[in-house]
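Participant: Encoded as structure tokens, here's the structure I'll be asking about.
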Amino acid sequence: MKLSLIVPVYNEEESLQLLFEAIRQALDPLPHTWEVIFVDDGSQDGSLAALKVFAQKDSAHVRVIVLRRNFGQTAAIAAGIDHAQGEIIVLLDADMQNDPADIPMLLAKLGEGYDVVSGYRKDRKDTFTTRILPSRIANWLISVVTGVRLHDYGCTLKAYHRDVLSGFRLYGEMHRFIPVYAHAAGARIAEVPVRHHPRKYGKANYGLGRTVKVLLDLFTVKFLLSYAAKPIYLFGGTGIGLMFISTLALLVLMIRRVFFNISVLASPFFQMSVMFFILGFQSILMGLIAELLVRTYHESQQKPTYTVREVINGDSSANKDRLS
Numbered sequence: 003m004k005l006s007l008i009v010p011v012y013n014e015e016e017s018l019q020l021l022f023e024a025i026r027q028a029l030d031p032l033p034h035t036w037e038v039i040f041v042d043d044g045s046q047d048g049s050l051a052a053l054k055v056f057a058q059k060d061s062a063h064v065r066v067i068v069l070r071r072n073f074g075q076t077a078a079i080a081a082g083i084d085h086a087q088g089e090i091i092v093l094l095d096a097d098m099q100n101d102p103a104d105i106p107m108l109l110a111k112l113g114e115g116y117d118v119v120s121g122y123r124k125d126r127k128d129t130f131t132t133r134i135l136p137s138r139i140a141n142w143l144i145s146v147v148t149g150v151r152l153h154d155y156g157c158t159l160k161a162y163h164r165d166v167l168s169g170f171r172l173y174g175e176m177h178r179f180i181p182v183y184a185h186a187a188g189a190r191i192a193e194v195p196v197r198h199h200p201r202k203y204g205k206a207n208y209g210l211g212r213t214v215k216v217l218l219d220l221f222t223v224k225f226l227l228s229y230a231a232k233p234i235y236l237f238g239g240t241g242i243g244l245m246f247i248s249t250l251a252l253l254v255l256m257i258r259r260v261f262f263n264i265s266v267l268a269s270p271f272f273q274m275s276v277m278f279f280i281l282g283f284q285s286i287l288m289g290l291i292a293e294l295l296v297r298t299y300h301e302s303q304q305k306p307t308y309t310v311r312e313v314i315n316g317d318s319s320a321n322k323d324r325l326s
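First residue of the sequence shown: 3, per our numbering; consecutive thereafter.
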């Protein structure tokens, strides 16, 4: 079994030597082979030069992916996953706030039959008002909306079986939602407390603005998980709701006209009810169009609408071919 450790790097020159030494100390005693993939995300300091030195000194374990510019952490993680060769994928930040010494603990938990093991920074060493409080709010909201209860979605230190990372692409700030996508595919998820250290070098590249991006991405994730396969449920349900409100408003206007002799056109509710009815009808039509697009997507690319964990006493090669 091969382990691929993916480390996105952006302007972390001062931390890299300590990080690489800590990675070697954590992974060398492991009984299986390993590789570490550093993804330079357009660093403007000496990070890339340091990474090239690591690659020269330890070509058996170190690979460096150099992006043309700064694409963001999610894109860097996606690039690392695309180039990884291991059956197990572990993600780690380069700022030394997460401890590589916790990786064996994550792997041990993964060996208990879980598909995803997420780190939980229980004793987090960050500023409360700008980092910890927004993170707790975001974690609570993500857990409520998605139904996947984790204390710390923002902790990069996570371990995955490679097969749960297939079937979706990462955009925006989506890397923190990987456990949600994995859960939707039937993955077993565990969470373990990990150590967290104060940042010694450099500065954090994220602030409160990142929280807004996460919340916006949450809308996308919720739609993809709940309605991507059956968009008519969202658009059709919204349309029926609007048409129902329109019908009630028209009924009220009719009662007022018959029993109280109040003109239908004298109230703005008539225009609102007509507008709601039209919007509802259009929403249903949009749902039907979305249904056609979904079917075209699945059938043209032969995308299955299910995932298989294992096949007992049978040949699963056909499913593997379709899922590859």
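For every residue, glycine included, the Cβ atom is placed at its ideal position computed from N, Cα and C.
Quick caveat: nothing in here was measured; it's all calculated off a predicted structure.
Nearest-angstrom Cα distance between S45 and L159?
Facilitator: Position 43 of the sequence shown, counted from the first residue, corresponds to residue 45. Position 157 of the sequence shown, counted from the first residue, corresponds to residue 159. Their Cα atoms are separated by approximately 21 Å.
Participant: Can the beta-carbon of S120 be found closer than 8 Å to that of I191?
Facilitator: Walking along the sequence shown from the start, residue 120 turns up at place 118. Walking along the sequence shown from the start, residue 191 turns up at place 189. Going by C-beta atoms, S120 is nearer than 8 Å to I191.
Participant: Cutting at 6 Å between CB atoms, please list the residues of its own chain near N72, excluding the five before and the five after it.
Facilitator: Along the sequence shown, one-based indexing puts residue 72 at 70. Closer than 6 Å at the Cβ level, and outside the excluded window around N72, lie D43 and G44.
Participant: Grouping DSSP H, G and I as helix and E and B as strand, with all else coil, what is S269?
Facilitator: Within the sequence shown, residue 269 is the residue found at index 267, counting from 1. S269 falls in the coil class under three-state DSSP.
Participant: Can you tell which of D30, K54 and P33 has the C-alpha that lies nearest to the C-alpha of V11?
Facilitator: Taking the first residue of the sequence shown as position 1, residue 11 is located at position 9. Cα-wise, what sits closest to V11 is K54.
Participant: Kindly indicate which three-state DSSP category S61 falls into: helix, strand or coil?
Facilitator: In the sequence shown, the residue the question calls residue 61 occupies position 59. Three-state DSSP puts S61 in coil, outside helix and strand.
Participant: Looking only at its chain, what residues have a beta carbon closer than 7 Å to the beta carbon of P233, apart from the 5 residues adjacent to it on each side?
Facilitator: Walking along the sequence shown from the start, residue 233 turns up at place 231. The residues are G289, A292, E293 and V296.
Participant: To the nearest angstrom, how far is it from the Cα of A57 to the Cα of V66?
Facilitator: As a position in the sequence shown, residue 57 is number 55, starting the count at 1. As a position in the sequence shown, residue 66 is number 64, starting the count at 1. Their Cα atoms are separated by approximately 7 Å.
Participant: Between the beta-carbon of D219 and the beta-carbon of F179, is there less than 8 Å?
Facilitator: The residue you call residue 219 lines up with position 217 of the sequence shown. The residue you call residue 179 lines up with position 177 of the sequence shown. Going by C-beta atoms, D219 is nearer than 8 Å to F179.
Participant: Within 8 Å, do at least three Cβ pairs link the segment 244-255 to the segment 278-289?
Facilitator: Counting Cβ pairs under 8 Å, three or more are found: they touch.
Participant: Roughly how many whole angstroms lie between the Cα atoms of V194 and Y299?
Facilitator: Taking the sequence shown and counting its residues from 1, the one referred to as residue 194 is at position 192. Taking the sequence shown and counting its residues from 1, the one referred to as residue 299 is at position 297. Looking at the two C-alpha atoms, the distance is approximately 37 Å.
Participant: From V146, G149, S145 and H153, pick the residue whose C-alpha is nearest to that of I134; which is it?
Facilitator: Walking along the sequence shown from the start, residue 134 turns up at place 132. Ranked by how close their Cα comes to the Cα of I134, the residues V146, G149, S145 and H153 have H153 in first place.
Participant: Which partner residues does A192 have in the DSSP bridge list?
Facilitator: The residue labelled residue 192 in the question sits at position 190 within the sequence shown. In the DSSP output, where bridge partners are listed per residue, A192 has V119.
Participant: Taking 8 Å as the threshold, find out whether the segment 86-102 comes into contact with the segment 31-43 through three or more Cβ pairs.
Facilitator: Between the segment 86-102 and the segment 31-43, the count of Cβ pairs shorter than 8 Å is three or higher; the stretches touch.
Participant: Count the other C-beta atoms from every protein chain shown that fall within 10 angstroms of the C-beta of N263, then say buried if there are 16 or more, exposed otherwise.
Facilitator: Along the sequence shown, read from residue 1 onward, the residue named residue 263 stands at position 261. N263 is exposed by the Cβ-count criterion.
Participant: Measuring alpha carbon to alpha carbon, tell me which of L172, E23, A103 and Q27 ends up nearest V223.
Facilitator: The residue you call residue 223 lines up with position 221 of the sequence shown. Comparing Cα positions, the closest option is L172.
Participant: For S17 versus Y183, is the C-beta distance shorter than 8 Å?
Facilitator: The count along the sequence shown starts at 1 and reaches residue 17 at position 15. The count along the sequence shown starts at 1 and reaches residue 183 at position 181. Taking the C-beta atoms as reference points, Y183 is found no nearer than 8 Å to S17.
Participant: Would H177 pass as a contact of I79 if the rule is Cβ separation under 8 Å?
Facilitator: Against the sequence shown, residue 177 aligns to sequence position 175. Against the sequence shown, residue 79 aligns to sequence position 77. Yes, the pair counts as a contact, with Cβ atoms nearer than the cut-off.
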